[in-house]
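Visitor:
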Amino acid sequence: MQELKIAKDNMKYNFEKDVLDWSVNTITRLGHRAKAENDPLPSLAQVFTITRHLITPTSRNVKVAKGFVCPKDYIEGYNQIISEIKKGKDLSPRGSRQQNNVDVHVDGMLIDWGVHHLHLGTQFIEKGKNKGLIKGNKEILFVFFTYDCAYIIGVYDHRSWVREDVLLTVKNNWPNLIEPYRINRAIDLSRDVTESDRQLLRSNNINSPVKINRSIYFGPGGGISSGGLGINEIESANIVLRAINDLNKWFNENTPELKNQLSKYYHDIGNVTFIFEVSKYILSRTFTVKSKDGILRVHIPSTDKPASLIHGSIANVIEPDENKYAFDSSILDQLVLEVCHQS
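At position 267 of the sequence shown (counting the first as 1) the number is 267 in the UniProt record's numbering, and the numbers step up by one without a gap.
Structure follows, in structure tokens:
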């Protein structure tokens, strides 16, 4: 962690620390225990891990693998799931039992292969650690989700997290889902990777390619990093941290202009401390900092189009105050100071 940044005339900021503090606070707010870190990267990646496990509550089409017939014992629960998917209901209660763990849970199958599992029960658990979740059964439903469609793979037992026929079913029914992960070279594996091999490798944070027919594929979930977090989540965190570098550069290059603007609101700008609005950036990819005293918000010019690092339907997970993540969809070409309240 870098020391507190001191701009000219003693304006203070440490945007890297802001990211770390925000990440720790968010993890705690969501009911988990933040690890003792002095590096914002793993903490922020944990926040993205939490959102990765959420199936965005938006209406989807449903496609079912050829030949799949739901076991009769699970018909009622299966039909409920299909209805919930089509209506865009929150599917979290059907998710992993470990989602309520104190430590942030990393779903190995999801991170590696991009496949969610849903419990097929019909009743809620009414007490205990798992209160509010759907009662489980011996078997679960595997589903591959995109933003607009749910692909029903099949019903499997709780030992099927590394079964290659899961991805084989995806390949045979919807090859477009995993085609981007095919290795486009004439290579082969030096030895077959057994299910026990894959389980051992995955549990030790080692990625293993999958051979389907004659082709080799990387895991369509993005894979896992050596630190145990998803590579996709690490990359999302790095996007924010690269933005911090850009923001630091902007402050260093534009101190005179900022000082001139601040003098309209402060008699002594030497006491002004700026805090990076992390949730605002995640949800809009726009740069804003707010004075610690809450008087001003500074909107930083950017040539990037506003976007979001997560789906808008779960924006409230990142920022529960909707007023804070509303943003102007236009590209700012000049510095804008917004008065939040007068001192």
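All C-beta atoms, glycine included, are put in the ideal place defined by N, C-alpha and C.
For I300, does the three-state DSSP call read helix, strand or coil?
Guide: The residue you call residue 300 lines up with position 300 of the sequence shown. Correct three-state label for I300: coil.
Visitor: Between N104 and Q46, which are expected to be in contact by the criterion C-beta below 8 Å, what is the C-beta distance as a whole number of angstroms?
Guide: As a working mapping, residue 104 is identified with position 104 in the sequence shown. As a working mapping, residue 46 is identified with position 46 in the sequence shown. First, the amino acid is wrong: residue 104 is Val here, not Asn. At roughly 5 Å, the Cβ-Cβ gap stays under 8 Å, so V104 and Q46 are in contact.
Visitor: Measuring only the C-alpha atoms, how far is R97 from R185?
Guide: As a working mapping, residue 97 is identified with position 97 in the sequence shown. As a working mapping, residue 185 is identified with position 185 in the sequence shown. If you take the alpha carbons of R97 and R185, they lie about 40 Å apart.
Visitor: So, with DSSP's three-state summary, where would you put L133?
Guide: Stepping through the sequence shown from its first residue, residue 133 is reached at position 133. Three-state DSSP puts L133 in coil, outside helix and strand.
Visitor: Between I6 and N248, what straight-line distance do the alpha-carbon atoms span, to the nearest angstrom?
Guide: Translated into positions along the sequence shown, residue 6 becomes position 6. Translated into positions along the sequence shown, residue 248 becomes position 248. Annotation note: pLDDT 39 at I6 (below 50); position unreliable, coordinate value reported separately. If you take the alpha carbons of I6 and N248, they lie about 11 Å apart.
Visitor: Can you tell me where the beta strand (DSSP E) with V170 in it begins and where it stops?
Guide: Against the sequence shown, residue 170 aligns to sequence position 170. Segment E164 to N173 is the alpha helix (DSSP H) holding V170; no beta strand (DSSP E) there.
Visitor: State buried or exposed for V210, treating a residue as buried only when at least 16 other CB atoms are found within 10 Å of its CB.
Guide: Numbered from 1 along the sequence shown, position 210 holds the residue referred to as residue 210. The residue is buried, with at least 16 neighbouring Cβ atoms inside 10 Å.
Visitor: Since F251 is in the alpha helix (DSSP H), which residue starts that stretch and which ends it?
Guide: As a position in the sequence shown, residue 251 is number 251, starting the count at 1. Taken as a continuous stretch (DSSP letters only), the alpha helix (DSSP H) holding F251 covers I231 to E253.
Visitor: Report all residues from its chain with a CB closer than 7 Å to the CB of H32; omit the five preceding and five following residues, and keep chain order.
Guide: For the purposes of this step, residue 32 is identified with residue 32 of the sequence shown, where counting begins at 1. Only V102, D103 and V104 meet the Cβ criterion.
Visitor: Looking only at its own chain, which residues have a Cβ that is under 7 Å from the Cβ of L168, when we skip the five neighbours before and after it?
Guide: Counted from its first residue, the sequence shown places residue 168 at position 168. Taken in chain order, the residues that qualify are I212.
Visitor: So the candidates are S203, G219 and Y156; which of them puts its Cα closest to the Cα of P71?
Guide: Numbered from its first residue, the sequence shown carries residue 71 at position 71. Selected option, being the one with the closest Cα: Y156.
Visitor: DSSP three-state call for F218: helix, strand or coil?
Guide: The sequence position of residue 218 within the sequence shown is 218, counting from 1. Correct three-state label for F218: coil.
Visitor: Looking at C-alpha atoms only, which residue of S263, Y281, D246 and N316 is the closest neighbour of L296?
Guide: Reading the sequence shown from its first residue, position 296 is the one you call residue 296. Measuring C-alpha to C-alpha distances from L296 to each of S263, Y281, D246 and N316 identifies S263 as the nearest.
Visitor: Around the C-beta of R198, are 16 or more other C-beta atoms found within 10 angstroms, so that it is buried, or is it exposed?
Guide: The count along the sequence shown starts at 1 and reaches residue 198 at position 198. The residue in question, R198, is buried, as its Cβ has 16 or more Cβ neighbours within 10 Å.
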